[in-house]
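Residue numbers (the working numbering): 19 to 246.
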């Protein structure tokens with residue numbers, strides 16, 4: 019996997035690079051600010067070395083607010099084929115909705131790269147972090163469970179058509195879990211999980227002929243969660 023790593027903390031950035039390289043991945047560029055991130059990604063694409071995933075903090079120079087997120091959205095608009103994994107120190111649903119609101123390709127069956135939003139605490143859990151990176155690199159969607167729960171609190175949306183169990187299954191899908199992992203987490207049989215997933219697809223109007231139904235279901239969950 020080819021990656022670009024962006025964080026204003028040199029110590030954290032180098033730590034992530036070391037971790038990723040020990041896992042056998044290639045870090046093709048690093049950035050310490052949002053403008054530098056956009057520049058190195060554009061340069062990599064121009065040279066033909068397109069990264070599979072960009073890993074960036076939300077808060078980056080020059081303003082130390084949401085510059086990293088804005089750059090991720092900007093890169094997404096120019097290079098939709100590149101996966102984006104954004105990390106944040108805080109549970110900030112507004113940042114997540116901003117990122118996932120710019121996923122038209124995946125929502126409409128295009129070839130856009132994956133998207134992810136994780137809290138930095140989860141990055142410290144190496145196995146979870148590497149699994150999330152793999153999902154994003156493969157074109158999937160991952161959202162931190164704490165952020166996901168905040169997205170749906172107090173909302174009234176089209177997702178109300180789902181049963182509590184179906185919504186629970188869809189939320190776990192949004193966390194990047196496979197049917198088998200959902201089965202183990204909820205203590206359900208694989209057949210029961212498959213039935214719930216099929217019901218989710220049906221209720222979200224994603225018939226069998228639709229491409230990338232799982233990704234589209236997760237994105238529907240995220241975008242519907244922010245409406246209302």
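The beta carbon of each residue, even a glycine, is placed where N, CA and C say it ideally should be.
Quiz prompt | Backbone CA spacing between residue 54 and residue 180 [nearest angstrom] | solution = Within the chain shown, the letter at position 36 stands for residue 54. Within the chain shown, the letter at position 162 stands for residue 180. Spanning the two alpha carbons is a distance of roughly 43 Å.
Quiz item: Is the distance from the Cβ of residue 141 to the Cβ of residue 165 below 9 Å?
Solution: Residue mapping note: residue 141 aligns to position 123 of the chain shown, counting from 1. Residue mapping note: residue 165 aligns to position 147 of the chain shown, counting from 1. Contact: no.
Self-check item: Beta-carbon proximity of residue 233 to residue 134, cut-off 9 Å
Solution: Residue 233 sits at position 215 when you count from the first residue of the chain shown. Residue 134 sits at position 116 when you count from the first residue of the chain shown. No, they are not a contact pair.
Exercise. Run through the stretch 126-165 for me and flag every whole alpha helix (DSSP H) of 4 or more residues, listed as ranges in chain order.
Key: 138-141, 144-155
Practice problem: Could you pull out every residue in the same chain whose Cβ sits closer than 8 Å to the Cβ of residue 186, ignoring the five residues on either side in sequence? | Solution: Counting from one through the chain shown, the residue named residue 186 turns up at place 168. Correct list, in chain order: 204.
Quiz item: By DSSP, does residue 20 sit in helix, in strand, or in coil?
Solution: What you label residue 20 is simply residue 2 of the chain shown in a count that begins at 1. It is a strand residue.
Quiz item: Just the Cα atoms here: how many angstroms apart are residue 156 and residue 50?
Solution: The residue given as residue 156 occupies position 138 in the chain shown. The residue given as residue 50 occupies position 32 in the chain shown. Answer to the nearest angstrom: the Cα atoms are 26 Å apart.
Quiz item: Hey, how far is the Cα of residue 231 from the Cα of residue 224?
Solution: In the chain shown, counting from the first residue as 1, residue 231 sits at position 213. In the chain shown, counting from the first residue as 1, residue 224 sits at position 206. If you take the alpha carbons of residue 231 and residue 224, they lie about 6 Å apart.
Self-check item: Spatially closest choice to residue 270 from 60, 77, 182, by CA coordinates
Solution: The chain is shown from 19 up to 246; residue 270 falls before or after that span and cannot be answered.
Self-check item: Whole-number beta carbon distance between residue 163 and residue 184, since they are thought to touch under 8 Å
Solution: Counting from 1 along the chain shown, the entry for residue 184 is found at position 166. Counting from 1 along the chain shown, the entry for residue 163 is found at position 145. Residue 184 to residue 163, Cβ: 17 Å. No contact.
Practice problem: State the Cα-Cα distance for the pair residue 90 and residue 198, rounded to the nearest angstrom. | Solution: Locating residue 90 in the chain shown gives position 72, where the first residue counts as 1. Locating residue 198 in the chain shown gives position 180, where the first residue counts as 1. Roughly 32 Å between the two C-alpha positions.
Quiz prompt | Alpha carbon of residue 107 to alpha carbon of residue 151, nearest angstrom | solution = Locating residue 107 in the chain shown gives position 89, where the first residue counts as 1. Locating residue 151 in the chain shown gives position 133, where the first residue counts as 1. Rounded to the nearest angstrom, the two C-alpha atoms are 18 Å apart.
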